[in-house]
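Working notes, beginning with the structure itself.
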Amino acid sequence: MDAADGMLSGDPSAAQLSSNGTRTSPPRISPGGARPPESDARHCVLPCPRIKARGGERRERRARQGSAEVSDPSPRLWNVRFAVGKMAHGKQETWTVAVLLITLWLAQDALGKPQFPEQEKDPTFWNTWAQRSLRSALDLQELNKNMAKNLILFLGDGMGVPTITAARILKGQLLGQPGEETQLEMDKFPYVALSKTYNTNAQVPDSAGTATAYLCGVKANEGTLGVSAAAVRSQCNTTQGNEVTSILRWAKDAGKSVGIVTTTRVNHATPSAAYAHCVDRDWYSDGEMPQDALDTGCKDIARQLFENIPNIDVIMGGGRKYMYPKNTSDVEYPMDKKLNGTRRDGRNLVQEWENRMKGKRAHYVWNKSSLLSLNPSNVDCILGLFEPADMPYDLERNQDTDPSLTEMVDVANNILKKNPNGFYLLVEGGRIDHGHHDGKAKHALYETVEMDRAIGRAGLLTSTYDTLTVVTADHSHVFNFGGYTPRGNTIFGLAPMLSDIDQKPFTAILYGNGPGFKLVNGLRENVSTVNYEENNYQAQSAVPLRMETHGGEDVAIFAKGPMAHLLHGVKEQNYIPHAMAYAACIGQNKDHCRFYPNSALGTKPTVLPALLTLAWMVF
Numbered sequence: 001m002d003a004a005d006g007m008l009s010g011d012p013s014a015a016q017l018s019s020n021g022t023r024t025s026p027p028r029i030s031p032g033g034a035r036p037p038e039s040d041a042r043h044c045v046l047p048c049p050r051i052k053a054r055g056g057e058r059r060e061r062r063a064r065q066g067s068a069e070v071s072d073p074s075p076r077l078w079n080v081r082f083a084v085g086k087m088a089h090g091k092q093e094t095w096t097v098a099v100l101l102i103t104l105w106l107a108q109d110a111l112g113k114p115q116f117p118e119q120e121k122d123p124t125f126w127n128t129w130a131q132r133s134l135r136s137a138l139d140l141q142e143l144n145k146n147m148a149k150n151l152i153l154f155l156g157d158g159m160g161v162p163t164i165t166a167a168r169i170l171k172g173q174l175l176g177q178p179g180e181e182t183q184l185e186m187d188k189f190p191y192v193a194l195s196k197t198y199n200t201n202a203q204v205p206d207s208a209g210t211a212t213a214y215l216c217g218v219k220a221n222e223g224t225l226g227v228s229a230a231a232v233r234s235q236c237n238t239t240q241g242n243e244v245t246s247i248l249r250w251a252k253d254a255g256k257s258v259g260i261v262t263t264t265r266v267n268h269a270t271p272s273a274a275y276a277h278c279v280d281r282d283w284y285s286d287g288e289m290p291q292d293a294l295d296t297g298c299k300d301i302a303r304q305l306f307e308n309i310p311n312i313d314v315i316m317g318g319g320r321k322y323m324y325p326k327n328t329s330d331v332e333y334p335m336d337k338k339l340n341g342t343r344r345d346g347r348n349l350v351q352e353w354e355n356r357m358k359g360k361r362a363h364y365v366w367n368k369s370s371l372l373s374l375n376p377s378n379v380d381c382i383l384g385l386f387e388p389a390d391m392p393y394d395l396e397r398n399q400d401t402d403p404s405l406t407e408m409v410d411v412a413n414n415i416l417k418k419n420p421n422g423f424y425l426l427v428e429g430g431r432i433d434h435g436h437h438d439g440k441a442k443h444a445l446y447e448t449v450e451m452d453r454a455i456g457r458a459g460l461l462t463s464t465y466d467t468l469t470v471v472t473a474d475h476s477h478v479f480n481f482g483g484y485t486p487r488g489n490t491i492f493g494l495a496p497m498l499s500d501i502d503q504k505p506f507t508a509i510l511y512g513n514g515p516g517f518k519l520v521n522g523l524r525e526n527v528s529t530v531n532y533e534e535n536n537y538q539a540q541s542a543v544p545l546r547m548e549t550h551g552g553e554d555v556a557i558f559a560k561g562p563m564a565h566l567l568h569g570v571k572e573q574n575y576i577p578h579a580m581a582y583a584a585c586i587g588q589n590k591d592h593c594r595f596y597p598n599s600a601l602g603t604k605p606t607v608l609p610a611l612l613t614l615a616w617m618v619f
């Protein structure tokens, strides 16, 4: 066996060893990006096309181009050239890594399955799919101009387009598919737009200023909630006179029921802009406020939740500790003092809410069993606080005590829909953002998949005849994935090449900055020595930061239902609530309602309960 046959490699960019052991350089991509023709099998990044695999099976492998090409297409040169190749440079690499990668190669090779469905080889498959999509697009020429009885806004905090794409792949792979061809629920929405997310004083925004935009219709400064750009962060005396109201308030004033469901604290940035007017997003309770702000008369956000719009029908999420007096033990974690109440004013906001709701069919719940035991038909108002702070990541959620986002949306919808005037519901998948900030892409993507499941559930419970549903994000993150990965590559897996700089593997998912920047002996960490598919793995980042940052690019808006066509093109983020309000004839947009001869408040098509239940079971 010669030197080339004796090395297993996944390094398409490493120098090659000839049969006599001398080192030769591989072909390089030209500075302009020109590559050798893909039909030339000698110049492919493995896996290469039509290679006879071990065991006699033949596998289709796409020819892909990387930072450099591999000149030997042998399948035995797959994943671990660096283990031996680096020895040629006089640098030792552990044989443990070599054995690991050889094992991975053998496992991959033994599967012998095609990298994409067999039907995709037939042009008829793609032509049929495209024609079906074309017919659906032609159907959109008949616009839905009904008046929206119900409004639902799904907000994926930090859910940029790369996050959506990666979550789509993950959803498919969880179903045993390659993943790329999968459709998220939001993918099925007929109208798509882009939202410009900048704050008035920030090119790359934060979640408070953006929430003010897509809920109140006014762009604002970063860190501020429910106030115009005339208000200055942390300066209490700039609050008065600069308050702006939200679409949740417009809906309530129009006689609709309203609700907030989130996986974060109910007084976190996104939900807070629906009801609060606060110059600092971090003033969760008076325990987090400076004394001068309290002396000036500013209110903490938790207090405003119950005082500004006192009759919000549905409130569900985390944030218990901000509602109770300082040092009050938490009902679920009584021994953990860090989770005790934080209020310095001694008020018990939960008890005050219960007192105010006496005589109404109102319920306070703090665990899943209490929530799901309720009959929504007999509930008019609900306050659900399931954790002292944020709710746990879905991958870590205690399924016996904490409800999923989908379960909360289900209950919320069934409570709100009883109002003949309709409802407005804000749903936040808030921990997508936290996963990215932590550099834990697996959490971020699973949170996105769960929010998409909640979108599907809401779709089953409503009708596009009278319900406008919008899905969007407040901002993006410096998250992405790449590396010429082959079709069906696990979204959390390695790229099929090594770096041509340090001859080490890298995961497809990477961050521009964040806590995943790690050096071992002054060099980039070799990810093959760690479990990069573990739930809390922090993907590598280019710049070291304790917390990864937001991204500044546009985010997507998906819409379906009455007047969904108003959400098209590239829009300022503050346009969103104006379009939604116009569809529902609330807020500033009432004059056109007289032109509706048959409003969506009348008779509408219904879905048989049995079919709905069956669909939910399948979903």
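Counting from 1, one number per residue, gives the positions in the sequence shown under the UniProt record's numbering.
Just so you know, even glycine gets a beta-carbon here, dropped at the ideal spot from N, CA and C.
Remember, predicted model here, so these are calculated numbers, not experimental data.
Neighbourhood of GLY422 by C-beta distance below 6 angstroms, restricted to the same chain and skipping five residues each side: Cβ neighbours of GLY422 beyond the five flanking positions: LYS149, ASN150 and LYS256.
C-beta contact flag for ILE509 and ALA556 at 8 angstroms: No, the Cβ-Cβ distance between ILE509 and ALA556 is not below 8 angstroms.
Limits of the beta strand (DSSP E) - the one that LYS571 falls within: Here the beta strand (DSSP E) through LYS571 covers 569-572.
Contacts around ALA293, its chain only, beta-carbon distance under 6 angstroms, and the 5 residues preceding and following it disregarded: Counting only residues of its own chain and dropping the five nearest sequence neighbours on each side, ALA293 has a CB closer than 6 angstroms to the CB of CYS236.
Cα-Cα separation between GLY179 and ARG168, rounded to whole angstroms: Rounded to whole angstroms, GLY179 to ARG168 spans 7 angstroms at the Cα level.
Assigned exposure category for ALA68 - 16 Cβ within 10 Å defines buried: Unreliable placement is indicated for ALA68, whose pLDDT of 35 sits below 50; the coordinate value is still reported in the next sentence. ALA68 counts as buried, since at least 16 other C-beta atoms from the protein chains shown sit within 10 angstroms of its C-beta.
Spatial distance of LEU494 from SER476 (CA atoms): Roughly 23 angstroms separates the two Cα atoms.
Residue from GLY482, ILE491 and TYR322 with nearest C-alpha to LEU305: When each option's Cα is compared against that of LEU305, the closest is TYR322.
Check whether GLY514 and LEU468 have beta carbons under 8 angstroms apart: At least 8 angstroms separates the beta-carbon of GLY514 from that of LEU468.
MET323, DSSP secondary structure in three states: In the three-state scheme derived from DSSP, where H, G and I count as helix and E and B as strand, MET323 is classed as helix.
Local conformation of GLU120 per DSSP, three classes: If DSSP states are grouped into helix, strand and coil, GLU120 belongs with the helices.
With 16 other Cβ atoms within 10 Å as the buried cut-off, status of GLU428: Here GLU428 is buried, its C-beta having at least 16 other C-beta atoms within 10 Å.
Three or more C-beta pairs below 8 angstroms linking the region 451-467 and the region 528-538: With a cut-off of 8 angstroms, the region 528-538 and the region 451-467 do not count as touching, because too few Cβ pairs lie within range.
Beta-bridge partners of HIS152, as assigned by DSSP: The residue asked about is misnamed: residue 152 is Ile in this sequence, not His. DSSP lists LEU425 and THR469 as the beta-bridge partner residues of ILE152.
THR263: first and last residue of the uninterrupted beta strand (DSSP E) it sits in: Note, THR263: beta strand (DSSP E), 257-265.
Where the alpha helix (DSSP H) through VAL449 begins and ends: Counting along the chain, the alpha helix (DSSP H) containing VAL449 begins and ends at 441-461.
VAL570 and MET186 closer than 8 angstroms at C-beta: For VAL570 and MET186, no; Cβs fall outside 8 angstroms.
Proximity of THR212 and ALA220 at Cβ, strictly below 8 angstroms: A Cβ-Cβ contact shorter than 8 angstroms links THR212 with ALA220.
Same chain, Cβ closer than 8 angstroms to VAL520, neighbours up to 5 away in sequence not counted: Closer than 8 angstroms at Cβ, skipping near neighbours: ASN526.
Segment limits, beta strand (DSSP E) that includes CYS381: Taken as a continuous stretch (DSSP letters only), the beta strand (DSSP E) holding CYS381 covers 381-385.
Chain-order list of residues whose beta-carbon lies under 8 angstroms from that of ALA542 (same chain, five-residue window excluded): For ALA542, where only same-chain residues beyond five positions count, the Cβ hits under 8 angstroms are LEU510, TYR511, GLY512, ASN513 and PHE517.
Rounded Cβ spacing between LEU567 and TYR191 (contact assumed at less than 8 angstroms): That belief holds up - the Cβ atoms of LEU567 and TYR191 are roughly 5 angstroms apart, short of 8 angstroms.
Limits of the unbroken alpha helix (DSSP H) element including LEU194: Looking at the DSSP string, LEU194 is not in any alpha helix (DSSP H); the run it does join, the beta strand (DSSP E), is 191-196.
GLY551 vs VAL478 beta-carbon contact at 8 angstroms: Their beta carbons are under 8 angstroms apart, which means GLY551 touches VAL478 by this criterion.
The region 406-426 in contact with the region 158-167 per 3-pair CB rule at 8 angstroms: Segments in contact, no.
Burial state of PHE125 (16 or more Cβ within 10 Å): Classification of PHE125: exposed, given that the 10 Å Cβ count is below 16.
For MET350, the first and last residue of its enclosing alpha helix (DSSP H): Met is not the amino acid found at residue 350; the sequence shown has Val there. From DSSP, the alpha helix (DSSP H) with VAL350 extends over 349-356.
Residues near GLU243 in its chain [Cβ-Cβ closer than 7 angstroms; skip 5 each side]: Sequence-distant partners of GLU243 (beyond 5 residues in either direction) whose C-beta falls short of 7 angstroms from its own C-beta, in its chain, are GLY226, VAL227 and HIS277.
Nearest residue (CA-CA) to LYS252, options HIS437, GLY587 and ASN146: Of the listed residues, the one whose Cα sits closest to LYS252 is GLY587.
VAL543: first and last residue of the uninterrupted beta strand (DSSP E) it sits in: Its beta strand (DSSP E) spans residues 541-544.
Distance CB(PRO271)-CB(GLY317) smaller than 8 angstroms: Yes. Within cutoff.
Backbone secondary structure at LYS518 - three-state DSSP: DSSP places LYS518 in coil when its eight states are reduced to three.
Nonlocal neighbours in the same chain, by C-beta distance under 8 angstroms from PRO205, ignoring five residues either side: Hits under 8 angstroms: THR197, TYR198, ASN199, GLU222, ASP474, HIS475, HIS550 and GLY552.
Of the listed residues PHE189, HIS268, ALA208 and VAL279, nearest to ARG233 (C-alpha basis): VAL279 is the residue among PHE189, HIS268, ALA208 and VAL279 whose C-alpha sits nearest the C-alpha of ARG233.
Straight-line Cα distance separating ALA581 from GLY241: Those two C-alpha atoms are separated by around 23 angstroms.
Endpoints, alpha helix (DSSP H) assigned at PRO577: Bounds of the alpha helix (DSSP H) holding PRO577 are 575-584.
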